[in-house]
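Under the numbering used here, think of the first position of the first sequence as 529, with each following residue one higher.
Please read the structure below before turning to the comments.
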Amino acid sequence: MTMDKTFDAAQAEPRIYAKWEEAGAFKAGANASRSETFCVMIPPPNVTGALHVGHAFNNTVQDMLVRWHRMRGFDTLWQPGQDHAGIATQLMVEKELAKTGQPKRIELGREKFLEKVWDWKGQYGSTIITQLKRLGASADWSRNAFTMAGAPGDPRTGHENSANFHDAVIKVFVDMYEKGLIYRGKRLVNWDPHFETAISDLEVENIEVAGHMWHFKYPLAGGETYTYIERDEDGNITLEEERDYISIATTRPETMLGDGAVAVHPSDERYAPIVGKLCEIPVGPKELRRLIPIITDQYPDKNFGSGAVKITGAHDFNDYQVAKRNEIPLYRLMDTKGAMRDDGASYATCAARAMEISKGAGFYEAEIDSLNLVPDELRGLDRFEAREAVIAQITRDGLAVMIPDPNPEEGTDPQMIPYVENKPIMQPFGDRSKVVIEPMLTDQWFVDAEKIVGPALDAVRNGETKIMPEAGEKTYFHWLENIEPWCISRQLWWGHQIPVWYGLDLEAPDFRDDEGDGAIDLVEMGRLLVETRMVHRDDRYHCAPDIDGVTGYFKAGIANLPTPLNAARIVEVEDRHAAIEALASTLAQYAMTEDPTQLIYPIWRDADVLDTWFSSGLWPIGTLGWPEDTAEMAKYFPGDVLVTGFDILFFWVARMMMMQLAVTDQVPFHTVYLHQLVRDEKGKKMSKTTGNVIDPLEIIDTYGADALRFTNAAMAAMGGVLKLSEDRIKGYRNFGTKIWNATRFAEMNGVFEGPVVTAPPQPEHTVNRWIIGETAKIRELVDEAFESYRFNDAALGLYGFVWGKVCDWYVEFAKPLFDGEHAEETRATMRWVLDQCYILLHPIMPFITEELWDLTAPQGDRAKLLVHTDWPSYRASDLVDEAADREMNWVIDLIEAIRSSRTQMGVPVGLKLPMVLAEADDAARTAMARNEALIFKLARIESLTEAPIPKGAISLPAQGALFGLPLEGVIDIGKEKARLEKALGKMEKEIGGMKGRLNNPKFIANADPEVVVETRENLARAEEEAEKVRAAVTRLAALG
RNA sequence: GGGCGAUUAGCUCAGUGGUAGAGCGCAUCGUUCACAUCGAUGAUGUCGCAGGUUCAAAUCCUGCAUCGCCCA
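This is the structure:
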């Protein structure tokens, strides 16, 4: 066997991964040797996703945990899969259709379009899985799950064995609906005008943009005036004037049309005189301007803007709350595309009705939504065009607040100009559509989160589930304690369609049965349809897993209708519009035939689908086959650890907790490991626009997956910021090369010629005894680090051990031993130690270690692949030989001292020096005698004689000994003296500190006794050494 | 504005009360004998500032400053 000089990751990694897969190494339960299970659910990446550095980090962490447990014999399942990513996928497919010149989504229709989506999923949906494999992820791919598995039309491509997620999602929806945990309602939601759907908070990015704040006058009704007074901090009047208006500042003038009130803080004395009065919205046809009340609410900030806030409940989340509290009507101004409404009655009609309402007339929510308060000339305009028009109108009417131009033209009096502040404002954008998100009042489905939040809070409070780092728990509590209803409906086609059917409300309270015969005649039927306006009333709806489930409900619902309507057949139609047509046509037909068996009652299914997060909220059980009673569910649920980004703590983790508890009464996992976003080396978010995106696949191509994984592990300090730097990756690639070459050295020295060494050897030589103890220490450190999720400690500990102990010292120490009486045991020890390095490094660097595992057993006598090799459990207390430890540290210190003085004195590297031993106690003498060969070799010493330190020699104090390097004529006395004095200064400072402490009776009395003893020992050692240095300085002084 | 967090070597970061650390970078030296993706050696710190608790503070507490993130 001749090893190459480096590990060829690009060539080896695919081969090694294939070997694992062929061996079924990642299958659930593979290598299990005990009954405990270990189950990790992958946070499902989007089916549209491609691997980015965040995935790479997240999955490295999971893989380390999984591999570590699998090697320790746990019955391990790492459950992979993907979510169906409603918007993203739909967008992707629409783009694809456009690119290939196919009909558009709407043209295709729902069913055909969904076929296209399934085709797309089959063709491109497994991209990220292939990429995760390149990272070395050891998930059980045979169980790959998909959140749309089992939905109508699923051809089962790429998730052949996935549990039926659709059934699980629908069952949970129906159950929660029946328990009253899910309801339908009109609420303010984040609306994406591009995709024309509600979206979740998670899909909204708040970005600071340059914005403007316009200041407008809202005239008081009836020309009323009041004295407006402003005071400074001491209460002195700074401004006093009569005003016939109230000044409002807004960043969104176009929403003024929907204002329902102006609010001021109850303690704001400036506006106290006009609270309760009406003011006029300064836009729209003059004769039809609406009046709105001036109210008080806690929300306005007295110090912000003018202190008065316009309340547009249907287009702003804060205003919505104020409006709700104060029963202010919510006027919707825009359509689904974000354009000003162009529907309903004329502005004159709507505004008149709105006026009645603000003067106290009663109103219904549904009626309010039908009022279109957009002036006729603004109807149909895009919201941003409408903004400009509104500003222009107000300014033209002289109702903008005016100020003197701060930058007047040279030599002229400043002109008065409208007061517009330029200021940065936070604006919500759709993360995929990139358009400004509009708060919009629409009918949506909600989970009444407040009702299911309790158990999720308790589970974390009582420690049943632990969130790490702990700061995550605070955030979790804060969010859950203030939980809002969760909007789960989306106006999309790709997703789980909501299992709710609607029917027209045919119950007519004012319907008269002329004959009182309980049967309906044609006259009555005509009146029913035309006069009672039933099609304008709210619909009836029922929820069930399928249409058969709701048929009964609807039958019962029409049972009380007059004959023959009460016997109509329930038939599903496309939508509400089709239902009205169908009903009209069936009634018309009945009028002709009078055949009651032909009468139908049309129902239609809710067109909306469920939020992707609703289905991924069920990930921990859905992937295991729930609601079926599967073996996997019994074995692996509840799972163990969830590894995910801090950013989805609310959106996913908290919801999973709530939903699993609501459905199974059990927590889905006992530990949540949260990590930060992966940033670039300067800590900036990676983005295509900034151009600082690091592609993990390019990194893998260049440096290998192990280097990227090791970097991820080394960065993974609990809660730490993750800054990925290519230099660091390169450094860890070099680390791989280092252990590769240590192996190569061992191979050249015949270490792998015999059979493999499985148990810790019991060698005689100190060097070998020492490294075995060091190995045991690092094994304990690695286990403790993994146990407590301190992956950085595991990685850096191994780095220091392999490079700093094994390569820098043990390999060097071993060189002289290969020829002597300890050759045999040294080979055995080195072989064992290297094996331990491969094993302990395997969870972090699986590829190179598996390769080395194979290469270092040329006889083919490995019991198993490394991926399944038993994790060691030997202990430092059994394997550390204290004496060997002391001795080797003494040797290392001495060699370093000699090397240091040589370099500083400018002794040529090649020159071998004689050395004198001036003083030595027994321990030092023995240590010297036993390790002379390697000290000579590593410090380039040619001889050792016992003699006093000669003149002009460098003194080298060691524990229990004093050495000298005669360098008369070579050393620069001044330089050496300076070096010694510097060292002495440092020592004396330390000694001073220790003496100070030991002289303090309080220290002796209060400090931990161990600390006192330790300090005494350290002091003694330091004083001994300082004494030697002082003597050396004296000798040097005598010389000079 | 509210909440959470950070501030340690030139850079990136570890360090949960007991002698300030790592990697990278930098400087000097070194290629027969595992590795130049390497080796040897070295320089670099008022641990953000000010108080407090303690025998002892980078570490705990308080305030301040600066910078992040989340929410409004």
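Where a beta carbon is used, it is the ideal one built from N, C-alpha and C, also for glycine.
Inter-residue CB distance, Gln1364 and Arg1297 (contact presumed, cutoff 8 Å): Contact between Gln1364 and Arg1297 is ruled out by a C-beta separation of about 15 Å, above the 8 Å threshold.
Meets three-Cβ-pair contact criterion under 8 Å: the region 1314–1333 and the region 1256–1270: Flag = yes, the region 1314–1333 and the region 1256–1270 touch.
Cβ neighbour criterion (16 or more within 10 Å) applied to Asn1528: It is exposed - the Cβ of Asn1528 has fewer than 16 other Cβ atoms within 10 Å.
Distance, Lys627 Cα to Lys994 Cα: Going by the C-alpha atoms only, they are around 48 Å apart.
Nearest to Asp986 (by Cα), restricted to the options Gln590, Ala1182, Ser961: Closest by alpha carbon: Ala1182.
C-alpha distance - Gly686 paired with Ile1075, whole-angstrom precision: Using only the alpha carbons, I get a separation of about 29 Å.
Coil, strand or helix - Ser1017 by DSSP: In the three-state scheme derived from DSSP, where H, G and I count as helix and E and B as strand, Ser1017 is classed as strand.
DSSP three-state assignment for His743, whether helix, strand or coil: Looking at His743 - three-state DSSP - the assignment turns out to be strand.
4-residue-minimum alpha helix (DSSP H) runs that sit fully inside the region 1067–1145, ordered along the chain: Here the runs fully enclosed are 1075–1086, 1104–1121, 1140–1144.
Length of the line joining the Cα atoms of Gly763 and Ala984: Approximately 50 Å between the Cα atoms of the pair.
Between the CA atoms of Ala1554 and Ala1566 - distance to the nearest angstrom: Ala1566 and Ala1554: Cα-Cα distance of roughly 18 Å.
Minimum length 3: unbroken beta strand (DSSP E) runs contained in the region 1315–1373: DSSP runs (the beta strand (DSSP E)) wholly in the region 1315–1373: none.
Integer Cβ distance of Ile839 from Ala789, believed to fall under 8 Å: Their Cβ separation, rounded to whole angstroms, is 4 Å, which keeps Ile839 and Ala789 in contact under 8 Å.
Cβ shell of Gly566 (< 6 Å), same chain only, five flanking positions each side left out: Note on identity: in this sequence residue 566 is Phe, with Gly being the wrong assignment. Within the same chain, His597, Phe602, Thr604, Asp1168 come within 6 Å of Phe566 by CB-CB distance, once the 5 residues on both sides are set aside.
Residues bridged to Ser1483 [DSSP beta-bridge criterion]: Paired residue(s): Gly1492.
Ile965, DSSP secondary structure in three states: Note: Ile965 maps to coil in three-state DSSP.
According to DSSP, residues forming a beta bridge with Gly866: Gly866 is not bridged to any residue.
Simplified DSSP assignment, three categories, for Leu1472: Reduced to three states, the DSSP call for Leu1472 is strand.
The region 1417–1427 / the region 1456–1474 touching (three or more Cβ pairs under 8 Å): Enough Cβ pairs lie closer than 8 Å, so yes.
Whole-angstrom distance between Ala777 and Leu927, CA atom to CA atom: If you take the alpha carbons of Leu927 and Ala777, they lie about 12 Å apart.
Under 8 Å between C-beta atoms of Pro956 and Pro942: Contact annotation: Pro956 and Pro942 have beta-carbon atoms that are not nearer than 8 Å.
Beta bridge counterpart(s) of Gly713 as assigned by DSSP: Checking the DSSP bridge columns, you'll see Gly713 partnered with Gln972.
Arg1403, buried or exposed, once every other Cβ within 10 Å from all chains shown has been counted against 16: Counting the other Cβ atoms within 10 Å of the Cβ of Arg1403 gives fewer than 16, which makes it exposed.
Spatial distance of Arg1133 from Val697 (CA atoms): A straight-line Cα-Cα distance of about 17 Å links Arg1133 and Val697.
Reduced DSSP secondary structure (H/G/I, E/B, other) of Gly991: Correct three-state label for Gly991: coil.
Beta-carbon proximity list for Gln590, same chain, < 6 Å, skipping 5 on both sides: Excluding the 5 residues flanking it on each side, Gln590 has same chain C-beta neighbours closer than 6 Å at Val568, Val1171, in chain order.
Sheet register partners of Leu806 (DSSP bridge): When beta bridges are read from the DSSP output, Leu806 appears opposite Pro821.
Under 8 Å between C-beta atoms of Ile1131 and Phe1174: No; because the gap between Cβ atoms is not below 8 Å, this pair is not in contact.
Counted within 10 angstroms of its Cβ, other Cβ atoms place Asn689 as buried (16 or more) or exposed: Flag for Asn689 reads exposed.
Cβ distance (whole Å) where Phe701 is taken to contact Ala677 below 8 Å: About 16 Å; that fails the 8 Å criterion.
Same chain, Cβ closer than 7 Å to Met1358, five either side skipped, listed in chain order: Sequence-distant Cβ neighbours of Met1358 in its own chain, meaning closer than 7 Å and more than five residues away, are Ala1274, Val1279, Ala1342.
Rounded distance between the beta-carbons of Ile922 and Thr811, thought under 8 Å: One point to set straight first is that residue 811 is Val, not Thr, in the sequence displayed. The Cβ separation is near 6 Å, so the contact holds.
Where Asp532 falls, given that 16 or more other Cβ within 10 Å makes a residue buried: Around the beta carbon of Asp532, fewer than 16 other beta carbons lie within 10 angstroms, which makes this residue exposed.
Residue from Gly1513, Gly739, Asn1269, Val1221 with nearest C-alpha to Arg915: When each option's Cα is compared against that of Arg915, the closest is Gly739.
Buried or exposed by the 16-neighbour rule on C-beta atoms within 10 Å, applied to Ile1011: Ile1011 is buried by the Cβ-count criterion.
Whole-angstrom distance between Leu1202 and Ala1304, CA atom to CA atom: Cα to Cα, Ala1304 sits roughly 30 Å from Leu1202.
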